[in-house]
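In order, the protein sequence lines correspond to chains A and B. Last residue of the first sequence: 294 in the UniProt record's numbering, with the numbers rising by one and none dropped. Last residue of the second sequence: 153 in the UniProt record's numbering, with the numbers rising by one and none dropped. The beta-carbon is built from N, C-alpha and C at its ideal position, and this holds for glycine as well. Step one of this worksheet: look at the structure below.
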Amino acid sequence: MLSFISKKSNSIASNTRNFLRHSTSSQALKPTEEVNSSNNKPKDGRKSYAEFRHIYPEFLPDPKIEFRNSIREKLERSDMIARRTLIDIPEFYVGTIMAVTVSDKHTPGKPLRFVGICIKREGCGLRSTFILRNVVDHQGVEVMYELYDPTIQKIEVLRLEKRLDDELLYLRDSLSEFSTFDSNMEAEILAEGTPVPVNPIKVQLKPRPWLERWERKNLKGVEKIDLPEKFFKRAAELAKPYEKYDLMKQYMGTIPEEEQNEIFAEIQSQLHKLEVTRKKMKRKRTFVKPTKLA
Amino acid sequence: MLMNSGILNGSRSVSNGLKYFHTSSCCREIQKMTKLRVVDNSEIGKRAMAEGKPPKCIHVYNKTGIGKIGDKVLVAIKGEKKKGILVGLKQNQKTKVPKFDSNNLVLIDESGTPVGTRIHVPIPTILRTILKEKTQSKGADYTKILAIASKFV
């Protein structure tokens with residue numbers, strides 16, 4: 001560690017130059033993006049920590065400094081692993097179509113199943129939640145679930161995909177056909193090792209009034225918004241295009257790479273074990289027993 | 001017209017000279033003057049919704065004055081006063097309790113019997129518990145609403 005620091009101080013001039021070049025490049029700089037250095041790669045073909053960050057985002061603690069508590073975080077992680085050994089919590093993203101089965105105390109003995117598109121995923125640790133949305137009988141319905149809720153019996157991923165935006169809250173103000181999903185949908189099985197497909201669909205918004213001012217949000221998954229010129233003028237006034245160069249904000253809003261590696265190194269073997277069992281189950285599901293033909 | 005559009009900048013657009021302010025759409029709470037949506041097939045409710053004159057809440061029967069899921073409200077519908085039960089809200093709910101895109105209402109009469117015979121939107125299952133708790137042995141029986149529901153979420 002010390003040697004690393006001294007090396008850094010030796011080449012501080014070149015580093016700053018690098019820094020500046022990064023920050024002025026067109027793509028947004030994420031300090032946690034360049035994880036794939038040689039010493040971080042786990043052995044025997046396991047997933048790298050960079051992938052873990054997207055698949056298991058709730059294992060990373062809240063970067064807010066006043067919420068940090070390393071012991072609590074560690075205990076929470078072990079609880080999360082314990083829960084994951086009991087039920088299969090699959091990989092999913094915002095935009096994925098999922099089905100959640102919960103045991104409902106209001107209707108004893110009859111589990112409730114809800115199918116919908118994941119429009120938001122937030123929180124970390126045991127408090128991480130996601131919101132599913134669907135249109136049932138021409139009525140938009142949303143249900144928020146906690147990922148580690150003990151009443152959840154099953155979480156199924158029916159169609160694994162991503163959308164162009166990080167949050168799909170604009171589906172509330174879009175036409176109902178874009179958030180309608182059949183409750184009897186069958187799970188689509190993706191081939192092993194394929195990257196998660198991104199659905200480039202553009203939804204059409206209803207006319208105003210809206211719940212939020214979507215023209216200011218710089219949404220990619222929305223068709224051209226039909227509004228008078230003054231709305232876009234105001235949106236341009238309030239836009240903060242310089243924010244992506246704010247390194248300090250990015251640093252405070254993310255967990256540093258070294259810490260991420262530490263966290264994932266701690267739980268990696270357990271996660272790997274869970275993945276192996278899941279793959280086994282998946283193979284069992286995809287294998288169709290050949291029937292005898294006459 | 002100029003003055004109108006200046007005043008109504010924050011509210012809805014001005015259409016054929018009619019101006020109406022929405023005070024409840026932002027906070028999404030059920031309080032007095034909130035417009036609701038009738039979701040059963042009662043004659044009066046169907047006509048009110050078809051004419052585009054949805055009922056307005058004029059009283060909430062609880063101590064806070066803010067209507068929550070399963071609360072009884074008094075509504076003004078087509079010049080009449082009717083009672084109803086809130087069966088789905090726009091407001092953010094607790095986990096596992098569904099949140100709807102509209103504020104749904106089922107009309108009932110004095111004894112708690114629903115006016116219509118069918119509810120054509122899904123109903124949250126938490127109402128089973130809430131309505132059972134609200135039903136007193138000698139008072140109105142609200143659980144009859146559950147019998148006419150078509151779907152639970």
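Whole-number beta carbon distance between residue j and residue i, since they are thought to touch under 8 angstroms
i: A/Ser174; j: A/Val203; result: 4 angstroms
i: A/Ile255; j: A/Pro111; result: The pair is not a contact, with the Cβ atoms about 36 angstroms apart (cut-off 8 angstroms).
i: A/Ile267; j: A/Arg77; result: 6 angstroms
i: B/Ile44; j: B/Ile77; result: 6 angstroms
i: residue 300 of chain A; j: B/Arg128; result: Not covered by the structure: residue 300 of chain A. The range shown for chain A is 1 to 294.
i: A/Gln270; j: A/Ile81; result: 5 angstroms
i: B/Ile58; j: B/Lys83; result: Contact flag wrong, Cβ pair sits at about 11 angstroms.
Same chain, Cβ closer than 6 angstroms to residue i, five either side skipped, listed in chain order
i: B/Gly116; result: Asp40, Asn41, Ser42
i: B/Tyr142; result: Gly112, Leu131, Lys134, Thr135
i: A/Leu274; result: Arg84
i: A/Tyr56; result: none
i: A/Leu164; result: Lys220, Gly221
i: A/Met281; result: none
i: B/Lys90; result: Arg28, Asn103
i: B/Ile126; result: Val97
i: A/Lys30; result: For A/Lys30, the predicted model reports a pLDDT of 43, less than 50, meaning its position is unreliable and no value from the coordinates is stated.
i: B/Gly67; result: Ile30, Val60, Val73, Leu86
Neighbour flag for residue i against chain B, beta carbons, 8 angstroms
i: A/Gly193; result: no
i: A/Glu58; result: no
i: A/Phe231; result: no
i: A/His54; result: no
i: A/Tyr145; result: yes
i: A/Asp149; result: yes
i: A/Gln153; result: no
i: A/Asp79; result: no
i: A/Val141; result: yes
i: A/Thr129; result: yes
i: A/Val102; result: yes
i: A/Asp226; result: no
i: A/Asp137; result: yes
Contact with chain A by residue i, beta-carbon distance below 8 angstroms
i: B/Lys96; result: yes
i: B/Ile66; result: no
i: B/Asp40; result: no
i: B/Lys32; result: no
i: B/Val106; result: no
i: B/Lys35; result: no
i: B/Val153; result: yes
i: B/Asp109; result: no
i: B/Lys82; result: no
Nonlocal neighbours in the same chain, by C-beta distance under 8 angstroms from residue i, ignoring five residues either side
i: B/Met49; result: Arg37, Val38
i: A/Arg234; result: Arg216
Counted within 10 angstroms of its Cβ, other Cβ atoms place residue i as buried (16 or more) or exposed
i: A/Thr277; result: exposed
i: B/Pro122; result: buried
i: A/Tyr145; result: buried
i: A/Val102; result: buried
i: B/Met33; result: exposed
i: A/Gly125; result: buried
i: A/Glu86; result: The identity of residue 86 of chain A in the sequence shown is Leu, whereas the question assumes Glu. By the neighbour-count rule (16 or more Cβ atoms within 10 Å), A/Leu86 is not buried but exposed.
i: A/Gln153; result: exposed
i: A/Ala265; result: exposed
i: B/Pro55; result: buried
i: B/Ile119; result: buried
i: B/Pro124; result: buried
i: B/Lys81; result: exposed
i: A/Ser70; result: exposed
i: A/Glu257; result: buried
i: A/Leu147; result: buried
i: A/Ile201; result: exposed
i: A/Gly109; result: exposed
i: A/Ile189; result: exposed
i: A/Arg213; result: exposed
i: A/Phe67; result: exposed
i: B/Val106; result: buried
Proximal residues to residue i (C-beta, below 7 angstroms), its chain only, five neighbours per side dropped
i: A/Leu238; result: Arg216
i: A/Leu227; result: Glu215
i: B/Ala149; result: Ile119, Ile123
Worksheet entry | Selection of the segment 157–180 of chain A by Cβ proximity to chain B, strictly under 8 angstroms | Arg172
Discussion item. Closer than 8 angstroms between beta carbons: that is the criterion. Which residues of the segment 245–266 of chain A meet it against chain B?
Written reply: So the list is empty, because no residue satisfies the distance condition.
Worksheet item: Listed from N- to C-terminal order along the chain, which residues in the segment 111–134 of chain B have their beta-carbon within a distance smaller than 7 angstroms of any beta-carbon of chain A?
Response: Within the segment 111–134 of chain B, the residues whose Cβ lies closer than 7 angstroms to any Cβ of chain A are, in chain order, His120, Val121, Pro122, Thr125, Ile126, Arg128, Thr129.
Worksheet item: Closer than 7 angstroms, Cβ to any Cβ of chain A: which residues of the segment 137–151 of chain B, in chain order?
Response: Cβ contacts with chain A: Lys151.
Fill in: Residues from the segment 44–64 of chain B in contact with chain A, defined by Cβ distance under 9 angstroms
none
Item to complete: Mind checking the segment 104–115 of chain A against chain B and listing, in chain order, the residues whose C-beta falls within less than 8 angstroms of any C-beta there?
Response: Answer in chain order: Asp104, Lys105, His106, Thr107, Leu112, Phe114.
Item to complete: Taking a Cβ distance cut-off of 7 angstroms, strictly less, list which residues of the segment 69–80 of chain B are near chain A, in chain order.
Response: none
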